[in-house]
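Residue numbers are given in the numbering used here: position 109 of the sequence shown equals residue 187, and the series is strictly consecutive. Using N, Cα and C, we set each Cβ at its ideal position, and we do this for glycine too. Written below as structure tokens is the structure these notes are about.
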Amino acid sequence: MRKVDVPDGYPPEKGRYARGNDFSPVAVCVILDTFDFNIPPELEELLMAGLDAGAALSGMLQTENIGMEKMICNIVANPNIRYIVLCGREAAGHLPGQALLRLMEKGVDEKRRIVESKAPTPYLFNLSAEAIERFRTQIVAVVNLLCEPGETDRSAPGLDPEAVGKAVWSCFQEEPVPFKGYDLYDMGAYPEPPLVQKVVWKASKPWELAGTHRPQKQISALVVYKLLPGTNCRECGEKTCRAFASKLIQWMKLPKDCPHLLKPEFDEERAALSTLLGI
Ligand code: SF4
């Protein structure tokens, strides 16, 4: 069976995931339905179950735009990955699970909006069209175990580590294994070389590219301010971090305009800002 070595620098994007067996045909995507920095233990357990069962990557997906773009970058960089096991419970605010399923089924339109997604801002502006289409052909199935928002029953397949482990195991069998309506087996690597790309911030005003108005949701400037470095160094062009926070919630600046936020120690703050701002 054809397997390929992963390229240098793989996985190209950082995030809340763990790397397992690079030759495995499956990645696990746990929807993160909270907006603070703590990952609920039951979701952490799912991530580890995926890894223990032999996934290539096992991680959290929080947003329907930048989070999804990073996941796509990491998957198309490893042609061995042919399946995604989708689990956890849907995040009511961002609907990243539904966005992923619609992306696979329908793709994106000319404005890079995921067709028929009900998520608030399902735009993939920061990836090449090539990467999006490659993702849609490389992945042969999303094994959908996702629970409804707010589900607490740990025996539901999407919250059951054993079910997630069984899904992963099924994906790397040599003969097809029936699993919850899917026939899963390892068909070998996608027949094209790794596609190595990173998310590039191209959209400074995404709502203009989309031809839509920016989201009208109310965001607290104080909450945004608390995620900033707080040094008032002015390198973003604003006199204070507080002023920068005001510009962020008006979408007149982006998190990348603060050079300090790009440092690894602010990874979590940057992720939280992306979630809050819906970018
Ligand atoms: S560059 Fe960042 S740390 Fe400096 S003032 Fe602007 S927001 Fe604050």
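Run of the alpha helix (DSSP H) containing Ile144, from where it starts to where it stops
Residue mapping note: residue 144 aligns to position 66 of the sequence shown, counting from 1. 144 to 154 is the extent of the alpha helix (DSSP H) around Ile144.
On a Cα-Cα basis, can you pick out the residue from Ile109, Pro337, Ile144 that is closest to Gly236?
Residue mapping note: residue 236 aligns to position 158 of the sequence shown, counting from 1. Ranking Ile109, Pro337, Ile144 by Cα distance to Gly236 puts Ile109 first.
For Tyr260, report the span of its alpha helix (DSSP H) as first-last.
Mapped onto the sequence shown, residue 260 falls at position 182. Note, Tyr260: premise wrong, no alpha helix (DSSP H); beta strand (DSSP E) at 260 to 262.
Counting C-beta neighbours from all protein chains within 10 Å, is the total for Asn116 16 or more, i.e. buried, or is it exposed?
In the sequence shown, residue 116 corresponds to position 38, counting from 1. Residue environment: Asn116 is assigned as exposed (fewer than 16 neighbouring CB atoms within 10 Å of its CB, all protein chains considered).
Met182 versus His172, Gln140, Glu194, Pro307, residue with shortest Cα-Cα distance:
Translated into the one-based positions of the sequence shown, residue 182 becomes position 104. Among His172, Gln140, Glu194, Pro307, the Cα nearest to that of Met182 belongs to Glu194.
Report yes if the CB atom of Asn142 is closer than 8 Å to the CB atom of Thr199, and no otherwise.
Position 64 of the sequence shown, counted from the start, is the residue given in the question as residue 142. Position 121 of the sequence shown, counted from the start, is the residue given in the question as residue 199. It is worth fixing the name first, because residue 142 is Glu in this sequence and not Asn. The answer is yes: Cβ separation under 8 Å.
Alpha carbon of Phe213 to alpha carbon of Pro157, nearest angstrom
Locating residue 213 in the sequence shown gives position 135, where the first residue counts as 1. Locating residue 157 in the sequence shown gives position 79, where the first residue counts as 1. Cα-Cα distance, rounded: 10 Å.
Using CA coordinates, which residue listed in Pro333, His338, Pro337 is at the minimum distance from Ala349?
Taking the first residue of the sequence shown as position 1, residue 349 is located at position 271. Ranking the options by Cα distance to Ala349, first place goes to Pro333.
For the ligand SF4, any of its heavy atoms closer than 7 Å to the Cβ of Arg212?
For the purposes of this step, residue 212 is taken as residue 134 along the sequence shown, with counting starting at 1. Every heavy atom of the ligand SF4 is 7 Å or more from the Cβ of Arg212, so no.
Any chain C beta carbon closer than 8 Å to Thr318:
The structure shown contains no chain C, having only a single protein chain.
By the DSSP assignment, the alpha helix (DSSP H) with Met330 in it spans what residues?
For the purposes of this step, residue 330 is identified with residue 252 of the sequence shown, where counting begins at 1. That residue, Met330, is in no alpha helix (DSSP H); it is neither H nor E in DSSP.
Proximity winner among Gly87, Ile192, Gly266, relative to Arg80 (alpha-carbon distances)
Counting from one through the sequence shown, the residue named residue 80 turns up at place 2. The shortest Cα separation from Arg80 among Gly87, Ile192, Gly266 belongs to Gly266.
When we look at the beta-carbon of Met330 and count the other beta-carbons within 10 Å, is it buried (16 or more) or exposed?
Within the sequence shown, residue 330 is the residue found at index 252, counting from 1. Exposed.
Rounded to the nearest angstrom, what separates Thr353 and Gln140 at their Cα positions?
Position 275 of the sequence shown, counted from the start, is the residue given in the question as residue 353. Position 62 of the sequence shown, counted from the start, is the residue given in the question as residue 140. In a straight line, the C-alpha of Thr353 is about 7 Å away from that of Gln140.
Please state if the CB of Ile217 and the CB of Leu202 are separated by a distance shorter than 8 Å.
Translated into the one-based positions of the sequence shown, residue 202 becomes position 124. Translated into the one-based positions of the sequence shown, residue 217 becomes position 139. At a Cβ-Cβ threshold of 8 Å, Leu202 and Ile217 do not count as neighbours.
Measuring straight from C-alpha to C-alpha, what distance separates Ala169 and Leu179?
Indexing the sequence shown from 1 puts residue 169 at position 91. Indexing the sequence shown from 1 puts residue 179 at position 101. In a straight line, the C-alpha of Ala169 is about 14 Å away from that of Leu179.
What separation, rounded to the nearest whole angstrom, lies between the Cα atoms of Lys351 and Ile144?
In the sequence shown, counting from the first residue as 1, residue 351 sits at position 273. In the sequence shown, counting from the first residue as 1, residue 144 sits at position 66. The sequence shown places Leu at residue 351, rather than the Lys named in the question. Rounded to the nearest whole angstrom, the CA to CA distance from Leu351 to Ile144 is 11 Å.
How is the beta strand (DSSP E) around Tyr161 delimited, first residue to last?
As a first step, residue 161 must be located in the sequence shown, where it is residue number 83. Counting along the chain, the beta strand (DSSP E) containing Tyr161 begins and ends at 161 to 166.
Return the chain-ordered ranges of every alpha helix (DSSP H) run that is complete within the stretch 220 to 276 and spans a minimum of 4 residues.
For the stretch 220 to 276, whole alpha helix (DSSP H) runs of length 4 or above, ordered along the chain, are 239 to 249.
Hey, would you say the C-beta of Asn422 is under 7 Å away from at least one heavy atom of the ligand SF4?
Here the chain comprises residues numbered 79 to 357, so residue 422 is not present and cannot be evaluated.
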